[in-house]
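If you use the working numbering, the sequence shown corresponds to residues 56 to 422, in order.
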Amino acid sequence: MQQAGPNGQGGPAAATLPVVPGSTVGIVANPMSGRDIRRLVAQASVFPNAEKTNMVLRLVAAMGGTGVDRVLVSTDAMGVAGGVLRARDKRRATASRWPDLTFVELGSISGTAEDTRALVRLMRERGASAIVLLGGDGTVRAASEHSGDVPLLPLSTGTNNAFPEMWEATVAGAAVGLFATGRVDADEVTRRAKALHVAAGAAREVALVDVCVSTVAHVGSRALWRPETLRELYCAFAEPHAIGLSSIAGLLAPSGRADPHGVAVRMTAATHAARTVLAPIAPGIVAPIGIHDARALPPGVPQPVGLDRGTVAVDGEREIEFGPATPVTVTLAHDGPRVLDVRAVLAAAARRRLLVREHREVAQEVR
């Protein structure tokens with residue numbers, strides 16, 4: 056196969072699609088994802104940062120093949136960006152085309168969700184038309200605060216991965232590359248996700264997957280994994296194959312990501328319940344959850360929380376403590392982040408034969 060030149064052009068068997076000047080994609084690899092207390096409690100594996108580096112390399116290679124001009128890569132203090140930099144510097148001149156890599160540096164690295172927020176904000180300012188996230192539900196929630204209309208493509212490398220989907224990085228890179236180079240239409244391959252808005256007195260939080268009210272009095276370690284404390288669950292979407300608290304609703308009353316409604320569930324102690332559901336509420340933990348009732352959650356209608364004191368968890372992490380003087384409501388809305396649909400991109404590519412090349416001259420020589 057003839058190797059494409061620097062501008063992505065080549066002979067009849069060019070190795071890449073033509074480069075689209077100015078096309079830019081961001082990649083944020085959260086080095087802290089998949090490392091919280093739930094992994095220790097459940098004896099689940101930690102997602103290694105070496106594999107996150109490898110995923111970034113596969114993403115970059117696929118974006119190069121689909122004609123992306125530039126990739127913005129997050130920096131960190133735990134070796135992910137360092138591994139990408141070393142791989143770039145060791146590449147041979149004859150290797151397949153890569154986009155230009157720009158490492159986005161922060162003034163200081165906190166090791167918190169603020170890093171993700173700042174990186175997404177900077178990548179938007181520098182022209183990213185899509186941003187790939189390597190992380191879990193918390194990473195996506197932080198990124199969505201500053202993503203605006205820039206589509207996100209979340210890939211699962213966290214503890215709870217109800218929102219990110221499992222995609223091989225090469226496939227994901229090809230999909231985002233086709234989108235960023237304008238070869239597929241945004242209206243056809245992106246959608247606005249749902250979100251859950253929590254109001255507790257002056258406190259405000261937004262969840263992309265679920266909001267859970269528990270009897271635990273204090274935020275503490277933030278991770279929510281004791282089933283006997285769970286009382287109310289609100290889900291933007293609920294899939295039967297999910298991991299995490301949304302699996303409870305998904306096994307009772309499934310609701311898709313594109314459905315207009317969500318699901319609300321009231322729970323009780325399993326020993327006192329007339330009905331239980333055996334749900335995978337965390338990696339390695341399948342627990343019986345006592346169910347009082349489950350119903351559809353309509354959009355735009357504030358739902359008052361019945362518990363008079365406890366904590367509210369958003370996407371699996373406790374964030375708000377409340378008491379009798381603090382009323383809590385949860386409202387479903389269709390104003391979450393814009394998300395890139397990998398299946399839709401590649402289906403469109405197949406219909407339009409975007410990745411197919413007819414080599415007529417070669418075929419004539421064979422005959």
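Where a beta carbon is used, it is the ideal one built from N, C-alpha and C, also for glycine.
- The C-alpha of Val126 lies about 20 Å from the C-alpha of Ser199.
- Relative to the Cα of Pro353, the nearest Cα in the group Leu306, Leu251, Gly339 belongs to Leu251.
- For Gly81, the secondary structure class from DSSP, reduced to helix, strand or coil, is strand.
- Look at Phe234 here: in three-state DSSP terms it is helix.
- Nearest to Gly378 by C-alpha distance, out of Gly365, Val385, His389, is Gly365.
- Per the DSSP secondary-structure output, Ser129 pairs in a beta bridge with Val159.
- Distance from the CA atom of Ala313 to the CA atom of Asp242, rounded to whole angstroms, is 14 Å.
- Apart from sequence neighbours up to five positions away, the residues of its chain that approach Met110 with a beta-carbon distance below 8 Å are Ala84, Leu189, Leu210, Thr212, Ala224, ordered along the chain.
- Val360 carries a coil assignment under DSSP once its states are collapsed to helix, strand and coil.
- Assigned with DSSP and collapsed to three states, Asp348 falls in strand.
- Val332 places its beta carbon 9 Å or farther from that of Leu362.
- Of all C-beta pairs linking the segment 228-245 to the segment 191-198, fewer than three are shorter than 8 Å, placing the two stretches out of contact.
- Boundaries of the alpha helix (DSSP H) harbouring Ala405: 397-407, taken from the DSSP string.
- In this structure, the straight-line span from the alpha carbon of Ile344 to that of Thr386 is close to 24 Å.
- For Met322, there is no enclosing alpha helix (DSSP H); the residue is found in the beta strand (DSSP E) stretching over 317-323.
- Take Ala324, set aside five residues on each side of it, and the residues of its chain with a beta-carbon closer than 7 Å to its own are Glu283, Gly345, in chain order.
- Residue burial annotation: Pro315 is exposed, with fewer than 16 other C-beta atoms found within 10 angstroms of its C-beta.
- A contact between stretches requires three or more CB pairs, one per stretch, nearer than 8 Å, and the segment 244-264 fails this requirement with the segment 134-151.
- Taking C-beta separations shorter than 7 Å and ignoring five residues to either side along the sequence, the partners of Met133 in its chain run Pro86, Asn104, following chain order.
- DSSP places Val274 in the coil class of the three-state scheme, outside both helix and strand.
- For Glu372, the uninterrupted beta strand (DSSP E) run begins and ends at 372-377, by DSSP.
- According to DSSP, Gly190 shares a beta bridge with Ser211.
- The beta carbon of Ala117 sits closer than 7 Å to those of Thr225, Gly228, Ala229, Gly232, all from its chain and outside the five residues before and after it, given in chain order.
- Following the DSSP letters along the chain, one finds Ser301 inside the alpha helix (DSSP H) bounded by residues 301-307.
- DSSP places Asp144 within a helical segment (H, G or I) once states are collapsed to three.
- 9 Å or more divides the Cβ of Ala197 from the Cβ of Val367.
- In the three-state reduction of the DSSP assignment, Thr171 falls in the helix class.
- For Thr331, the enclosing beta strand (DSSP E) starts and ends at 330-337.
- The beta carbon of Leu410 is closer than 7 Å to those of Ala404 in its chain, skipping five residues each way along the sequence.
- For Ala217, the three-state secondary structure derived from DSSP is coil.
- According to the DSSP secondary-structure assignment, Ser269 is paired through a beta bridge with Leu285, Thr366.
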